[in-house]
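Residue numbers (the UniProt record's numbering): 1 to 73.
Please read the structure below before turning to the comments.
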């Protein structure tokens, strides 16, 4: 990852810019990713689903990408 001059965006891959504020907001909206008191916190399948939903919102066309490219992100 390369930090940009604004410190609010991170370059993902060579051509993509990730909005860090949006990422933080989306993670905050999904407490099972960070709240250890939830029963679902240890559910890997639910976490994967949350991360996939987040990246579908951040990166248009994420679901259509090759699995290999999805894993890079």
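For glycine and all other residues, C-beta sits at the position ideal for the given N, C-alpha and C.
Asked	Found
Inter-stretch contact at 8 Å, needing at least 3 Cβ pairs: the region 44-56 / the region 29-36	yes
Cβ separation of residue 18 and residue 58, assumed to be a contact under 8 Å, to the nearest whole Å	6 Å
Which listed residue (55, 39, 37 and 38) has its alpha carbon closest to that of residue 25	55
Residue of 70, 69 and 51 minimising C-alpha distance to residue 34	51
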